[in-house]
Amino acid sequence: MPNNSAFKLQKYRHQRARQVEQALGKCLPAARTKPAVLHQAMRYSLLAGGKRIRPILTLAAAEACGGSVSDAMPLACAVECIHTYSLIHDDLPSMDNDDFRRGRPTSHKIYGEGIAILAGDALLTQAFEIVAKARGWPRYRHATLIHEITKTAGSLQLIAGQAADLEGEGKRLTLPQLRYIHERKTSALLTCSVRLGGMSANCTPRQLKALTDFGYHVGLAFQIIDDILDCTQTTEQLGKTAGKDLATAKATYPAIVGLEKSKRISEQLTAKAFAAIKPFKGKATALEALAGYLLKRDN
Ligand code: GRG
23 MPNNSAFKLQ
33 KYRHQRARQV
43 EQALGKCLPA
53 ARTKPAVLHQ
63 AMRYSLLAGG
73 KRIRPILTLA
83 AAEACGGSVS
93 DAMPLACAVE
103 CIHTYSLIHD
113 DLPSMDNDDF
123 RRGRPTSHKI
133 YGEGIAILAG
143 DALLTQAFEI
153 VAKARGWPRY
163 RHATLIHEIT
173 KTAGSLQLIA
183 GQAADLEGEG
193 KRLTLPQLRY
203 IHERKTSALL
213 TCSVRLGGMS
223 ANCTPRQLKA
233 LTDFGYHVGL
243 AFQIIDDILD
253 CTQTTEQLGK
263 TAGKDLATAK
273 ATYPAIVGLE
283 KSKRISEQLT
293 AKAFAAIKPF
303 KGKATALEAL
313 AGYLLKRDN
């Protein structure tokens, strides 16, 4: 792991998370705007806390490329809207069927399935509106930014991952099949997060390539750690139901290769992420520290 001990990661994360919270609060119609129940449901899930990893990665990637937090913030909020939509839909009875998320009851438990589906739909749509209203950059015009999020959220990435996940239920998957799911369900949005950050700084094609490699490897490591935490942490620690993968016989790295090997693989993936951002030569300290934190996190 690179030695960036002088960097105060916890302070950085808290500061950026606070900025993201403030910006997210302003992204959505007020809770009393008609249809009030829909806007309340959108706000309930989007403003429920969460680690805000993806938007913070967007901001850190922008900074690594010499950009600013204010220019990157709309794109960071768009990514968090997509992420929250995917969580609401993933928790539905017809998907992963979960009652607990971000330390509170899931959307459908509070608002019913219909409104939960609509709140997810509306958050996804909100992401496009936010990007459409953001500024464009010389190398990355609006069409490029919109294409970036549609590609990520669409039927070849996020939804492909979810579809493969559903199809794999109750089956013994091979590691390549599991990696296919992880690449799409998890890594794609983390990659998109850092790419959008770079784009908000009008980054060079070389920088974009480095961020893409970084996001891909961090994203894969992130999902393996998520699977490890599912079988080693409690529901209270995670803020979502723990032990679910084992209970539902879900294919995960720990289930296929065991806990120790899963940890080693996540370390190797993180090492590749560190290597990817070497060309930033000290300007990607926050990104490096975040990748280190994601590997060692406990929730
Ligand atoms: C398109 C119907 C439809 C659903 C899309 C892709 C998808 C559903 C759901 C994926 C949800 C999921 C469990 C993805 C895996 C990535 C992951 C581990 C998410 C949890 O992310 P954290 O830990 O959550 O960053 P917080 O709550 O901290 O933001």
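Residue numbers for the sequence shown, in this note's numbering: 23 to 321.
Ideal placement from N, C-alpha and C gives every residue a C-beta, glycine not left out.
- Boundaries of the alpha helix (DSSP H) around I110: V91 to D112.
- Checking the 7 Å criterion, the Cβ of I132 is out of range of every heavy atom belonging to ligand 1.
- Between L260 and T80, the CB-CB gap reaches or exceeds 8 Å.
- Within 10 angstroms of the beta-carbon of L197 lie fewer than 16 other beta-carbons, which makes it exposed.
- Shortest Cα-Cα distance from E151 to any of A141, G136 and I168 involves I168.
- Taking C-beta atoms as the reference points, E43 and R76 fail to come closer than 8 Å.
- In this structure, S209 has its beta carbon at no less than 7 Å from each heavy atom of ligand 1.
- Going by DSSP, M117 is part of no alpha helix (DSSP H) at all; its letter is neither H nor E.
- Distance check between A297 and each of L233, K272, T263 and P276 places L233 closest, using alpha-carbon atoms only.
- Taking the CA atoms as reference points, Y315 sits about 12 Å from K73.
- Annotation: the continuous alpha helix (DSSP H) that includes I139 extends over E135 to K155.
- A distance below 7 Å between beta-carbons, with the five flanking residues on each side excluded, links F244 to the following residues of its chain, in chain order: T208, L212 and L316.
- Annotation for R124 indicates a beta carbon within 7 Å of some heavy atom of ligand 1.
- In the DSSP assignment, C49 falls within the alpha helix (DSSP H) that extends over L31 to C49.
- Cα atoms of A306 and A82: separation of roughly 7 Å, rounded to the nearest angstrom.
- Cβ-Cβ distances below 6 Å link I203 to G183, A186 and D187 in the same chain, with the five nearest sequence neighbours on each side left out; the list follows chain order.
- In the displayed model, P127 falls within a strand according to three-state DSSP.
- Going by C-alpha positions, S67 is about 35 Å away from A28.
- Scanning its chain for C-beta atoms nearer than 7 Å, with the 5 sequence neighbours on each side dropped, one finds around R65 the residues L50 and A53, in chain order.
- Take V59, set aside five residues on each side of it, and the residues of its chain with a beta-carbon closer than 8 Å to its own are Y133 and I137, in chain order.
- Distance check between R124 and each of L69, A149, L114 and A45 places L69 closest, using alpha-carbon atoms only.
- Per DSSP, the continuous alpha helix (DSSP H) segment holding P227 begins and ends at P227 to T254.
- Residue L146 holds the alpha-carbon nearest to the alpha-carbon of T174 among L146, S116, T270 and E282.
- Remark: C-beta atoms of A154 and H164 approach each other more closely than 8 Å.
- For Q184, the uninterrupted alpha helix (DSSP H) segment begins and ends at L180 to G190.
- Looking at the DSSP output, F122 bridges to P127.
- Around C87, the same chain offers G220, A223, C225 and Q229 as residues with beta carbons nearer than 7 Å, after the five sequence neighbours per side are excluded.
- The C-alpha of I299 lies about 13 Å from the C-alpha of A84.
- Look at Q245: its beta carbon is less than 7 Å from one of the heavy atoms in ligand 1.
- The beta carbon of T274 is closer than 6 Å to those of D249 and D267 in its chain, skipping five residues each way along the sequence.
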